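Going by UniProt numbering, 37 is the number at position 37 of the sequence shown; the sequence numbering is gapless. By construction, the Cβ of each residue, glycine as well, lies at the ideal position given by its N, Cα and C atoms. Note that this is a predicted model, so its numbers are computed, not measured. Below: one structure, written as structure tokens.
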Amino acid sequence: MENKKTIYFLCTGNSCRSQMAEAWGKQYVGDKWNVYSAGIEAHGVNPNAVKAMNEVNIDITNQTSDIIDSNILNNADLVVTLCSHADSVCPSTPPHVNRVHWGFDDPAGKEWSEFQRVRDEIGERIKRFSDTGE
1 MENKKTIYFL
11 CTGNSCRSQM
21 AEAWGKQYVG
31 DKWNVYSAGI
41 EAHGVNPNAV
51 KAMNEVNIDI
61 TNQTSDIIDS
71 NILNNADLVV
81 TLCSHADSVC
91 PSTPPHVNRV
101 HWGFDDPAGK
111 EWSEFQRVRD
121 EIGERIKRFS
131 DTGE
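Right, dumping it as structure tokens:
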């Protein structure tokens with residue numbers, strides 16, 4: 001089997017958005033891509049992110065909250081920032097790494113429906129990437 005490409009989802013705390021993106025990524029493109037997530041800081045996986053993903057039958061209880069790994073960052077095929085803070089303060093990436101920004105609202109500290117909305121928006125965006133490559 002040929003080597004998989006690597007996609008790296010980044011946000012501020014690696015607790016909500018990037019955790020959801022990692023899970024959706026594994027579901028939609030995990031057969032073709034190694035999927036990772038990280039944050040500028042590691043705040044721990046938000047229990048509401050776990051609960052939101054459980055609602056769509058995706059278990060993220062074994063995912064960990066990690067700070068950015070420069071080895072993964074510098075060797076990824078695609079780096080996706082999910083919040084403007086990560087986009088602006090993320091370490092620079094080498095020219096061969098494709099870096100894009102898909103902005104989503106931070107549901108942390110908000111009402112439950114925000115977690116559901118952001119979960120669904122991230123899932124739809126990654127499904128579109130799976131379908132179109134963009």
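Query: Mind checking GLY13: buried by the 16 CB within 10 Å criterion, or exposed?; Result: buried
Query: At 3 residues or longer, what runs of the beta strand (DSSP E) sit wholly inside the UniProt domain "Phosphotyrosine protein phosphatase I" (5 to 132)?; Result: 5 to 11, 33 to 39, 78 to 81 and 98 to 101
Query: Taking the C-alpha atoms as reference points, what is the distance between GLN116 and VAL89?; Result: 27 Å
Query: On the criterion of 16 or more Cβ atoms from any shown chain inside 10 Å, does residue 138 qualify as buried, or is it exposed?; Result: Since the first and last residues shown for the chain are 1 and 134, residue 138 lies out of range.
Query: Quick one: grab the DSSP three-state call for ASN3.; Result: coil
Query: If residue 159 sits next to LEU73, beta carbons under 8 Å apart, how far is it from one beta carbon to the other, in whole angstroms?; Result: Because the chain is modelled from 1 through 134, residue 159 falls outside the range shown and cannot be assessed.
Query: For ASN57 and ASN71, I'd like the C-alpha separation in whole angstroms.; Result: 31 Å
Query: Could you check which residue in TRP112, ASP87 and PHE9 has the C-alpha nearest to that of TYR36?; Result: PHE9
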